[in-house]
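Just remember that this note's numbering sits 6 ahead of the position in the sequence shown, which is counted from 1. Yeah, the Cβ is synthetic: ideal placement off N, Cα and C, and Gly gets one too. What follows is a short report on a single structure.
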Amino acid sequence: MSLLARPFLTVFTTLVLLVAPPVAAQEALPMPEGEPLLTVTGEISVTNQDEAAVFDRAMLESMETVTFTTSTIWTEGPQTFTGVPLSELMEAVGATGSSMKATAINDYAVDIPREDWVQDGPILAYLNDGEEMPVRDKGPLWVVYPYDLNASYQSEVIYSRSIWQLDRIVVVE
């Protein structure tokens, strides 16, 4: 490379570094306008209230959604669930931990490892057969795996991770 080309290359590289957005930059979450349904804390980098990511129904519904039909051990016949993939939710909050502690309204808690935060994995369901789920019927949020689509999801371990009435998640190392 000629000595004359070097200053141009240095200036060009500097300009690219100054203009290009950071690779890991993520959009800030909006503030919830409705009743908060879910609070995510812990090892996350995207927040909207103090050090937490708080979601209302509209915020969850505005995210990428998945709908699948599956049987569960808690319901009769196949059910159609709609919700946010757990992988999408964890990406939206910039989760860096190795697992999450998911806790229900009644303080029942389960650990869900990062290995479960995969595409075609569990969703944070907010609709069952097209209807919102009331608290008395496992709502308003339920972690549902596509049990019928993957035989490995038909185990006591996975069933125990299928927490309903979910209202908070702590991402842990």
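- Message: Quick check for students: name the residue ranges of the beta strand (DSSP E) that lie wholly in the segment 60–89, counting only runs of 3 or more.
- Response: 72–76
- May I have the straight-line CA-CA distance separating residue 109 from residue 168, to the nearest angstrom? As a position in the sequence shown, residue 109 is number 103, starting the count at 1. As a position in the sequence shown, residue 168 is number 162, starting the count at 1. Approximately 11 Å, taken between the alpha carbons.
- Item | Burial state of residue 145, where buried means 16 or more other Cβ atoms lie within 10 Å | Locating residue 145 in the sequence shown gives position 139, counting from the first residue. Flag for residue 145 reads buried.
- the segment 126–134 / the segment 145–159 touching (three or more Cβ pairs under 8 Å): yes
- Taking the runs of the beta strand (DSSP E) that are 3 residues or longer, which of them lie wholly in the segment 99–125? 105–110 and 115–119
- Query: Which value, in whole angstroms, describes the spacing of the CA atoms of residue 175 and residue 85?
  - Reply: For the purposes of this step, residue 175 is taken as residue 169 along the sequence shown, with counting starting at 1. For the purposes of this step, residue 85 is taken as residue 79 along the sequence shown, with counting starting at 1. In a straight line, the C-alpha of residue 175 is about 25 Å away from that of residue 85.
- Task: Would you give the residue range spanned by the beta strand (DSSP E) that residue 167 belongs to?
- Result: Translated into the one-based positions of the sequence shown, residue 167 becomes position 161. Premise fails: residue 167 lies in the alpha helix (DSSP H), 162–167, not in any beta strand (DSSP E).
- Message: Need the endpoints of the beta strand (DSSP E) that residue 131 sits in, please.
- Response: Along the sequence shown, read from residue 1 onward, the residue named residue 131 stands at position 125. Residue 131 -> beta strand (DSSP E) spans 129–134.
- Query: Do the segment 61–77 and the segment 88–100 touch if we need at least three Cβ pairs shorter than 8 Å?
  - Reply: yes
- Cα-Cα, which of 162, 139 and 45 is closest to residue 106? Here residue 106 is taken as the residue at index 100 of the sequence shown, counted from 1. Looking from the CA of residue 106, the closest CA among 162, 139 and 45 belongs to 45.
- Task: Along the beta strand (DSSP E) that carries residue 150, what are the first and last residues, could you check?
- Result: If you number the sequence shown from 1, residue 150 lands on position 144. Counting along the chain, the beta strand (DSSP E) containing residue 150 begins and ends at 148–150.
- Report the residue from 40, 54 and 118 whose alpha carbon sits nearest the alpha carbon of residue 179. The sequence position of residue 179 within the sequence shown is 173, counting from 1. Comparing Cα-Cα distances from residue 179 to each of 40, 54 and 118, the minimum goes to 118.
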